[in-house]
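A.B. asks: In the order they appear, the protein sequences are chains A and B. So the first sequence is numbered by this note's numbering: it starts at 1 and just counts up by one. So the second sequence is numbered by this note's numbering: it starts at 401 and just counts up by one. By construction, the Cβ of each residue, glycine as well, lies at the ideal position given by its N, Cα and C atoms.
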Amino acid sequence: MTHPDFLWHTPDPKPAYDVVIVGGGGHGLATAYYLAKNHGITNVAVLEKGWLAGGNMARNTTIIRSNYLWDESAALYEHSLRLWEGLGDDLDYDLRFSQRGVLNLAHNQHDVREGRRRVNANRLNGVDAEWLDPDEVKRFCPIVNVSDRARHPVLGATLQRRGGIAKHDHVAWALARKADAYGVDLLQNTEVTGFEITKGRGTAVRTSRGRVAAGTIALAAAGHTSVLAAKAGIRLPLQSHPLQALVSELLEPVLDCVVMSNAVHVYVSQADKGELVMGAGVDAYNSYGQRGAFHVVEAQMAAALELFPIFARARVLRTWAGIVDVTPDASPIIGRTPVENLFINAGWGTGGFKATPGSGWVYAHTLAHGTPHPLAEPFALDRFRTGALIDEHGAAAVAH
Amino acid sequence: MLSIDCPHCGPRDENEFRYGGQAGIAYRPETGDEEWAAYLFTRDNPRGWFHERWFHTHGCRTWFTVHRHTVTHEIRKAP
Chain A
1 MTHPDFLWHT PDPKPAYDVV IVGGGGHGLA TAYYLAKNHG ITNVAVLEKG WLAGGNMARN
61 TTIIRSNYLW DESAALYEHS LRLWEGLGDD LDYDLRFSQR GVLNLAHNQH DVREGRRRVN
121 ANRLNGVDAE WLDPDEVKRF CPIVNVSDRA RHPVLGATLQ RRGGIAKHDH VAWALARKAD
181 AYGVDLLQNT EVTGFEITKG RGTAVRTSRG RVAAGTIALA AAGHTSVLAA KAGIRLPLQS
241 HPLQALVSEL LEPVLDCVVM SNAVHVYVSQ ADKGELVMGA GVDAYNSYGQ RGAFHVVEAQ
301 MAAALELFPI FARARVLRTW AGIVDVTPDA SPIIGRTPVE NLFINAGWGT GGFKATPGSG
361 WVYAHTLAHG TPHPLAEPFA LDRFRTGALI DEHGAAAVAH
Chain B
401 MLSIDCPHCG PRDENEFRYG GQAGIAYRPE TGDEEWAAYL FTRDNPRGWF HERWFHTHGC
461 RTWFTVHRHT VTHEIRKAP
């Protein structure tokens, strides 16, 4: 048996690039891809300290939706969802993108009011959204326990039918393959150790494989952004936390949609292979340890069993954690920093996967023009000074 | 699960506590926008040792400071 062809090359670093992207996860790869495709900028390096897409891209629960509350977020996430709808064709790769519908359950009166408000806000922004009563929830997802005697009674749910899941590895591989074909250098095992800043302007990146001069430096490092930014003397309103998830053993198909619950911190879908994929809430403390505590998983399982009694005999196959960078308003930070030529795309917190193509699209535009893409503009770092926050704690689904 | 040494109750399980984030943030009411924003929203986020606050919610309800490593999760007494 012969080994299949590699999807991308393993080049050595060149002395200089027009754009150096720090972080070879989904957002970094999407940024490289759209820099090449939309802006014709191909003298680009993606620096990754480990292997491509081995951080949060390999650890998330792959949920895709755009039902955020505020206009700015709805526009950004809906842009991303529309890109998802054509991304498999665009990248010529089967991404297993499945628009199977995303339910967000309401368990108390506050959830109901918040959910209905969000449905209305979504519709005003052209985002598909429906409100389901408990009977409709039961019809849409028969295995959810909608008994009014449940510990977490289901009083209704929002439904975004265009929401769903995709296969994260395929997304990363497809983006990497295309970026590589455009001439982007994907540099794995290349850790950034510092930045050269001359008169307030970022000019080069120091790495474990030598110095790389850069016309523009673009951070896309998720949970480790604070650590990198500190090397450039920048303090950011980010806190890094472990976010845990798990999969069950392989089961027959039992769940054909995505179910999320803010109040009890569980979200679940069933992958193609048959595992139930479940996410929890964040562990409370700051951490870069890429692991969390078992009591968080235990609380998540207790809630999942209340909602899905059928899961009672399912066994956990493995659990893990990724490090997510959380902002005070649960919205990302995209754009300029106090260091000229050094840009950030961070703070996606617990929900960055859904934004992969949209984030790459607006970040690439921002890097190519030196000014923010119109969809990215409201997400500037400066909003924490002006007070124009974009509070998405309600729609972000995981309590921060 | 962390075992956190409450100064009043002794070592207890993490789920008896609430997290309070970075320790030693002084209140700064009279400042400009830049400093006010930093005071409200920006905290240290180190990869390494961190001074942080914990609150013994389900115990004596004491706030206290510990010194914890954000990779190994090892806890030292605060100096």
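1. Can you give me, in chain order, the residues of the region 431-456 of chain B that have a beta carbon less than 9 Å from any beta carbon in chain A?
2. Spatial neighbours of G183 (chain A) within its chain, please: C-beta separation below 6 Å, excluding the five flanking residues on both sides.
3. Let me check one thing: in DSSP terms, what residues is A426 (chain B) bridge-paired to?
4. Return the Cβ separation of A346 (chain A) and P332 (chain A) in integer angstroms, given the expectation that the two are a contact with Cβ distance under 8 Å.
5. Are there three or more Cβ pairs, one per stretch, closer than 8 Å when the region 136-154 of chain A is compared with the region 187-204 of chain A?
6. Check S73 (chain A) in the structure and name its three-state DSSP category.
7. Quick check: H265 (chain A) and V324 (chain A), are their CB atoms within less than 8 Å of each other?
8. Which residue from A:W348, A:R100, A:A121, A:A232 puts its Cα closest to that of D71 (chain A)?
9. Please classify G194 (chain A): does DSSP put it in a helix, a strand, or coil?
10. Would DSSP call T225 (chain A) helix, strand or coil?
11. Taking M272 (chain A) as the reference, give the member of A:M57, A:N38, A:I165, A:S80 with the closest Cα.
12. Short of 7 Å in beta carbon distance, which residues of its chain neighbour G289 (chain A), apart from the five on each side in sequence? Order them along the chain.
13. Is G460 (chain B) buried or exposed, if buried means 16 or more other CB atoms sit within 10 Å of its CB?
14. Could you check whether A423 (chain B) and R456 (chain B) sit closer than 8 Å to each other, using their CB atoms as the reference points?
15. Considering only residues of the same chain and omitting the five flanking positions on each side of G24 (chain A), which have a CB-CB separation below 6 Å?
16. Looking at chain A, which residues of the region 462-479 of chain B have a Cβ within less than 8 Å of any of its Cβ atoms?
17. At a cut-off of 7 Å, is S359 (chain A) close to the ligand NAD when judged by its beta-carbon and the heavy atoms of the ligand?
18. Would you kindly work out how many angstroms separate the C-alpha atoms of G349 (chain A) and D329 (chain A), rounded to a whole number?
19. Using a beta-carbon distance below 8 Å, is N286 (chain A) in contact with chain B?
20. Is it true that the region 11-30 of chain A meets the region 204-223 of chain A, where meeting means three or more beta-carbon pairs spaced less than 8 Å apart?
21. For the 8 Å Cβ check, are there 3 or more pairs between the region 95-113 of chain A and the region 157-171 of chain A?
22. Note down the Cα distance separating V326 (chain A) from R235 (chain A), rounded to an integer number of angstroms.
23. What's the C-alpha gap between Y33 (chain A) and V296 (chain A)?
C.D. replies: In short, the structure shows the following:
1. Within the region 431-456 of chain B, contact with chain A at the beta-carbon level (separation under 9 Å) is assigned to D433, E434, W436, A437, A438, L440, F441, T442, R443, D444, N445, P446, R447, G448, F450, E452, W454.
2. As a position in the first sequence, residue 183 (chain A) is number 183, starting the count at 1. Excluding sequence neighbours, G183 (chain A) sits near T42.
3. Counting from one through the second sequence, the residue named residue 426 (chain B) turns up at place 26. Residue pairing for A426 (chain B): DSSP places it in no beta bridge.
4. Working through the first sequence from its first residue, we reach residue 346 (chain A) at position 346. Working through the first sequence from its first residue, we reach residue 332 (chain A) at position 332. Between P332 (chain A) and A346 (chain A) the Cβ distance is about 7 Å, and since that is below 8 Å, they are a contact.
5. The region 136-154 of chain A makes no contact with the region 187-204 of chain A, as fewer than three CB pairs between them are under 8 Å.
6. What you label residue 73 (chain A) is simply residue 73 of the first sequence in a count that begins at 1. In the structure shown, S73 (chain A) sits in a helix (DSSP, three-state: H, G or I).
7. Counted from its first residue, the first sequence places residue 265 (chain A) at position 265. Counted from its first residue, the first sequence places residue 324 (chain A) at position 324. With respect to V324 (chain A), H265 (chain A) sits apart: the two C-beta atoms are not nearer than 8 Å.
8. The residue you call residue 71 (chain A) lines up with position 71 of the first sequence. When only C-alpha atoms are compared, the closest one is A:A121.
9. The residue given as residue 194 (chain A) occupies position 194 in the first sequence. Here G194 (chain A) sits in strand by DSSP.
10. Position 225 of the first sequence, counted from the first residue, corresponds to residue 225 (chain A). Correct three-state label for T225 (chain A): helix.
11. Position 272 of the first sequence, counting from 1, holds the residue named residue 272 (chain A). Note on identity: in this sequence residue 272 (chain A) is Asp, with Met being the wrong assignment. Comparing Cα-Cα distances from D272 (chain A) to each of A:M57, A:N38, A:I165, A:S80, the minimum goes to A:I165.
12. Along the first sequence, one-based indexing puts residue 289 (chain A) at 289. Answer for G289 (chain A): P242, listed in chain order.
13. Locating residue 460 (chain B) in the second sequence gives position 60, counting from the first residue. Here the sequence assigns Cys to residue 460 (chain B), which means Gly is not the residue at that position. With a threshold of 16 other beta carbon atoms within 10 Å, C460 (chain B) falls short and is exposed.
14. Stepping through the second sequence from its first residue, residue 456 (chain B) is reached at position 56. Stepping through the second sequence from its first residue, residue 423 (chain B) is reached at position 23. In the sequence as displayed, the identity of residue 456 (chain B) is His instead of Arg. Taking a C-beta distance under 8 Å as the contact criterion, H456 (chain B) and A423 (chain B) do not qualify as a contact pair.
15. Indexing the first sequence from 1 puts residue 24 (chain A) at position 24. These residues qualify, in order along the chain: V46, E48, L52.
16. Taking 8 Å as the Cβ-Cβ cut-off against chain A, the residues of the region 462-479 of chain B that qualify are R468, T470, V471, T472, H473.
17. The ligand NAD is absent from the structure shown, which contains no ligands of any kind.
18. Position 349 of the first sequence, counting from 1, holds the residue named residue 349 (chain A). Position 329 of the first sequence, counting from 1, holds the residue named residue 329 (chain A). Separation of G349 (chain A) and D329 (chain A) (C-alpha to C-alpha, rounded to the nearest whole angstrom) is 10 Å.
19. In the first sequence, residue 286 (chain A) corresponds to position 286, counting from 1. Chain B contact via Cβ: present.
20. Contact holds: three or more Cβ-Cβ distances are below 8 Å.
21. Touching, yes, given that three or more Cβ pairs across the two stretches are closer than 8 Å.
22. As a first step, residue 326 (chain A) is located in the first sequence; it is residue number 326 there, counting from the start. As a first step, residue 235 (chain A) is located in the first sequence; it is residue number 235 there, counting from the start. Rounded to whole angstroms, the gap between the alpha carbons of V326 (chain A) and R235 (chain A) is 14 Å.
23. Taking the first residue of the first sequence as 1, we reach residue 33 (chain A) at position 33. Taking the first residue of the first sequence as 1, we reach residue 296 (chain A) at position 296. Computed Cα separation, rounded: 37 Å.
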